[in-house]
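Structure first, then comments.
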Amino acid sequence: MFLVAASLFVSACSTGRAQHRAAPAAEAVLAALPRSTPAALTSYYDQKLTWRDCGVPGFQCATMKAPLDYAKPSAGDVRLAVARKKATGPGGRLGSLLVNPGGPGGSAIAYLQQYAALGYPAEIRARYDMVAVDPRGVARSEPVECLDNRDMDTYTQTDVTPDDRKETDALVGAYRKFAEGCGAHDPKLLRHVSTVEAARDMDILRAVLGDRKLNYVGASYGTFLGATYAGLFPDRTGRLVLDGAMDPSLSARQMNLDQTAGFGTAFQSFAKDCASQSDCPLGGRGTTPKQAGDRLAAFFRTLDAHPIPTGDPDGRKLGEALATTGVIAAMYDQSAWPQLRGALNAAMKKNDGAGLLALSDSYYERDSSGHYSNLMYANAAVNCLDLPAAYSTPAEVEKALPAFEKASPVFGRGLAWASLNCAYWPVKPTGEPHRIEAKGAAPIVVVGTTRDPATPYRWAQSLAHQLSSGRLLTYNGDGHTAYGRGSRCIDSAIDTYLLRGTPPTQGKRCS
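So the sequence shown is residues -14 to 496, counted in our numbering.
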């Protein structure tokens, strides 16, 4: 997933060495680092990993050291969790294949163990060591923490469509409390969780794994991480697949607006499908997406005034914020649409919010015991460091509301207010919008889905155009990302590239 506004529902530069020219955002380009490894980093590149049993059959785990601050390597380390599943054979080993599921804040190790090492084609698993590292600040790698579970419950239920000054003040107060909590946990770490630093960590991992070049599959935010690696280390870039691509040249404000439009498009697809189903709670055959959206928006307004029961043991009711998150969660994958129809039916017709609450909890990674992963904390920490805040004041958001509501009449208002979260962040951003060209890199496959809700298709088009060796692969369909989602055309093109190094023809389209 990619969460632009890591907040109530959806929500660069390394220190010391300038990675971008001092130029307008549209002209700034991520500069490659020198090919030689600085002497101050030699001990990191030469370290030996001690592999141990993970407790998960077939997997090994290790801890890797990286400098907390690349500008001052002697100032301390950050310890990063690494996991691998070694190539099984037959066939010659092709090296390591690093995977990242996105976020930012998603655990790459959990993704590896729960999906990639089993879901990737057998031939790829036979010839690559499947490897994951949780980026700094994420999951098992010195995780950023912000709120306790009870406070996080309160945070996720905060009204993100304020109707008056009192509700606006309450929303701002929630953002401030969240930010203050993050800043109090580990202020040094919070200054060093940027995407550029995470990409530099990946180069250390490449070296300690013994690989001459980095082979990588990144989804969603993982495309930004992978593209950043290519920009910094084009000569060490191997076979890179960037699926559900981000556009690094955009400001946070434009990203939030584009993503809002993406969710608006995804909802239209859902609404059309829903109207063809006998159990659609938003209207029967002949119902237009606009009519369905109007009914859903009206239901959200009802929940804003009168939350409904959920049967939650912690007493949470389903209000507008949690309901909206639940609906958005189902937009990522059309296989969740039947579940969403059932959840909406129960909520709208039976006054039972349990189904939508379950979808919301899955999105926030809240388990049945009420514990949250650090996904949302790391997400905000990375996003707020990588780019200047989209908006600085409530007045700026109010001015932008018409554009967001035009982009998505259903979700626009809430996503506009969610874009305010970085305004109160305790650490100044170190990044800026920039292009990534990665001149000299091997062919890089950029995958875009035409109706992707979270990373709009035009982002993939833009990134493929920026990269000097970018190859755009298009999936004409719904959902977030394309690889491994049922298109033989997409899967075959990517598998061929990973196994043989032959990229798809430029502009190849699949359905």
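Ideal placement from N, C-alpha and C gives every residue a C-beta, glycine not left out.
Exercise. What are the start and end residues of the beta strand (DSSP E) that includes Y201?
Worked result: Here residue 201 is taken as the residue at index 216 of the sequence shown, counted from 1. Start and end: 199 to 204.
Problem set entry | T504 - DSSP class collapsed to helix/strand/coil | Since the first residue of the chain shown is -14 and the last is 496, residue 504 is not available in this structure.
Exercise. Using a Cβ-Cβ cut-off of 6 Å (strictly less than) and excluding sequence neighbours within five positions of A385, which residues of its own chain qualify?
Worked result: Position 400 of the sequence shown, counting from 1, holds the residue named residue 385. Within the same chain, A385 has close Cβ partners A401.
Exercise. If we ignore side chains and look at the alpha-carbon of each, how far apart do S236 and E182 end up?
Worked result: In the sequence shown, residue 236 corresponds to position 251, counting from 1. In the sequence shown, residue 182 corresponds to position 197, counting from 1. The alpha-carbon atoms of S236 and E182 are separated by roughly 20 Å.
For this session: Go through its chain and collect everything with a Cβ distance to G168's Cβ below 6 Å, but skip five positions before and after it.
Result: For this step, residue 168 is matched to residue 183 along the sequence shown. Cβ within range, chain order: P411.
Exercise. Cβ atoms of G311 and L341: under 8 Å apart, would you say?
Worked result: Taking the sequence shown and counting its residues from 1, one reaches residue 341 at position 356. Taking the sequence shown and counting its residues from 1, one reaches residue 311 at position 326. The criterion of a C-beta distance shorter than 8 Å is satisfied by L341 and G311.
Exercise. Is it right to say R6 is buried, meaning 16 or more other beta carbons lie within 10 angstroms of its own, or is it exposed?
Worked result: Your numbering for residue 6 matches position 21 in the sequence shown. Residue placement at R6 is poorly supported in this model, since its pLDDT is 31, which falls under 50; the coordinates are not used for a value here.
Problem set entry | Beta-carbon proximity of L452 to A212, cut-off 8 Å | Start at 1 with the first residue of the sequence shown, and residue 452 comes out as number 467. Start at 1 with the first residue of the sequence shown, and residue 212 comes out as number 227. Yes. Within cutoff.
Exercise. Would the segment 329 to 344 and the segment 46 to 59 be scored as touching if the rule is three or more Cβ pairs under 8 Å?
Worked result: no
For this session: Answer with buried or exposed for S320, where buried requires no fewer than 16 other C-beta atoms within 10 angstroms of its C-beta.
Result: Residue 320 sits at position 335 when you count from the first residue of the sequence shown. Under this definition S320 is an exposed residue.
Exercise. Do the CB positions of G338 and L303 come within less than 8 Å of each other?
Worked result: Residue mapping note: residue 338 aligns to position 353 of the sequence shown, counting from 1. Residue mapping note: residue 303 aligns to position 318 of the sequence shown, counting from 1. Taking 8 Å as the Cβ cut-off, G338 and L303 qualify as a contacting pair.
For this session: Could you tell me whether the Cβ atoms of I109 and D480 are closer together than 8 Å?
Result: On the sequence shown, residue 109 is found 124 positions in, with the first residue counted as 1. On the sequence shown, residue 480 is found 495 positions in, with the first residue counted as 1. In this structure, D480 lies closer than 8 Å to I109 by Cβ.
Exercise. If we ignore side chains and look at the alpha-carbon of each, how far apart do C265 and L307 end up?
Worked result: Within the sequence shown, the letter at position 280 stands for residue 265. Within the sequence shown, the letter at position 322 stands for residue 307. One C-alpha to the other measures close to 21 Å.
Exercise. Taking the C-alpha atoms as reference points, what is the distance between L344 and A363?
Worked result: Taking the first residue of the sequence shown as 1, we reach residue 344 at position 359. Taking the first residue of the sequence shown as 1, we reach residue 363 at position 378. Using only the alpha carbons, I get a separation of about 21 Å.
Problem set entry | Integer-rounded CB distance, given that A426 should sit under 8 Å from A215 | Counting from 1 along the sequence shown, the entry for residue 215 is found at position 230. Counting from 1 along the sequence shown, the entry for residue 426 is found at position 441. By a beta-carbon distance limit of 8 Å, A215 contacts A426. Their separation comes to about 5 Å.
For this session: Express the C-alpha separation of Q324 and I94 in angstroms, rounding to a whole number.
Result: Translated into positions along the sequence shown, residue 94 becomes position 109. Translated into positions along the sequence shown, residue 324 becomes position 339. Looking at the two C-alpha atoms, the distance is approximately 27 Å.
Exercise. Looking at the unbroken beta strand (DSSP E) that takes in T434, where does it start and where does it end?
Worked result: Start at 1 with the first residue of the sequence shown, and residue 434 comes out as number 449. That run of the beta strand (DSSP E) goes 429 to 436.
Exercise. Would you call the CB atoms of R69 and R112 closer than 8 Å?
Worked result: The count along the sequence shown starts at 1 and reaches residue 69 at position 84. The count along the sequence shown starts at 1 and reaches residue 112 at position 127. No; because the gap between Cβ atoms is not below 8 Å, this pair is not in contact.
Exercise. Taking the alpha-carbon positions, what's the P292 to C407 distance?
Worked result: As a first step, residue 292 must be located in the sequence shown, where it is residue number 307. As a first step, residue 407 must be located in the sequence shown, where it is residue number 422. Roughly 28 Å separates the two Cα atoms.
Exercise. What number of angstroms, rounded off, separates the C-alpha of P438 from the C-alpha of A246?
Worked result: Here residue 438 refers to the residue found at position 453 when the sequence shown is read from its first residue. Here residue 246 refers to the residue found at position 261 when the sequence shown is read from its first residue. Cα to Cα, the separation comes out at about 8 Å.
Exercise. Which residues mark the beginning and the end of the beta strand (DSSP E) in which S81 is found?
Worked result: Against the sequence shown, residue 81 aligns to sequence position 96. 80 to 85 is the span of the beta strand (DSSP E), which, as asked, contains S81.
For this session: State the DSSP-derived secondary structure class of V145, mapped to helix, strand or coil.
Result: Within the sequence shown, the letter at position 160 stands for residue 145. The answer is coil: DSSP assigns V145 none of H, G, I, E or B.
For this session: Report yes if the C-beta distance between T146 and G399 is below 8 Å; otherwise report no.
Result: Reading the sequence shown from its first residue, position 161 is the one you call residue 146. Reading the sequence shown from its first residue, position 414 is the one you call residue 399. Yes, the Cβ-Cβ distance between T146 and G399 is below 8 Å.
Exercise. Tell me, which residues are paired with M49 by DSSP?
Worked result: Position 64 of the sequence shown, counting from 1, holds the residue named residue 49. According to DSSP, which records beta bridges pairwise, M49 is partnered with L65.
Exercise. Of the residues H465, R270, R494, which one's Cα is nearest the Cα of R473?
Worked result: Walking along the sequence shown from the start, residue 473 turns up at place 488. Of the candidates H465, R270, R494, the one whose C-alpha sits nearest the C-alpha of R473 is R494.
For this session: Could you tell me the boundaries of the alpha helix (DSSP H) in which G485 lies?
Result: Residue 485 sits at position 500 when you count from the first residue of the sequence shown. According to the sequence shown, residue 485 is Arg rather than Gly. Looking at the DSSP string, the run of the alpha helix (DSSP H) that includes R485 is 473 to 485.
Problem set entry | Pair within 8 Å by beta-carbon distance, P219 and A13 | Working through the sequence shown from its first residue, we reach residue 219 at position 234. Working through the sequence shown from its first residue, we reach residue 13 at position 28. Cβ atoms of P219 and A13: not closer than 8 Å.
For this session: Return helix, strand or coil for V367, following the three-state DSSP convention.
Result: In the sequence shown, residue 367 corresponds to position 382, counting from 1. Note: V367 maps to helix in three-state DSSP.
Exercise. What first and last residue would you give for the alpha helix (DSSP H) that runs through G462?
Worked result: In the sequence shown, residue 462 corresponds to position 477, counting from 1. Where G462 is concerned, there is no enclosing alpha helix (DSSP H), although the beta strand (DSSP E) it sits in stretches over 455 to 463.
Problem set entry | Cut-off 8 Å between Cβ atoms - residues of its own chain near G492, not counting five sequence neighbours on either side | Translated into the one-based positions of the sequence shown, residue 492 becomes position 507. Answer for G492: L457, T459, listed in chain order.
Exercise. Is the segment 113 to 131 touching the segment 59 to 75 in the sense that three or more CB pairs, one from each, lie closer than 8 Å?
Worked result: Proximity of the segment 59 to 75 to the segment 113 to 131 meets the contact definition, three or more beta-carbon pairs being nearer than 8 Å.
For this session: Could you work out which residue in T27, Q99, P19, I189 is closest to R64 when comparing CA atoms only?
Result: Here residue 64 refers to the residue found at position 79 when the sequence shown is read from its first residue. Closest by alpha carbon: I189.
For this session: Can you tell me which of the three DSSP states V14 falls into?
Result: If you number the sequence shown from 1, residue 14 lands on position 29. Strand.
Exercise. Which partner residues does E117 have in the DSSP bridge list?
Worked result: Reading the sequence shown from its first residue, position 132 is the one you call residue 117. It should be pointed out that residue 117 corresponds to Ala in this sequence rather than to Glu. DSSP output for A117 lists A68 as bridge partner(s).
For this session: Go ahead and pull the three-state DSSP assignment for Y317.
Result: Numbered from its first residue, the sequence shown carries residue 317 at position 332. Y317: coil per DSSP, three-state reduction.
For this session: Alpha carbon to alpha carbon, how far is S21 from R485? Give it in angstroms, no decimals.
Result: The sequence position of residue 485 within the sequence shown is 500, counting from 1. The sequence position of residue 21 within the sequence shown is 36, counting from 1. Whole-angstrom Cα-Cα distance: 29 Å.
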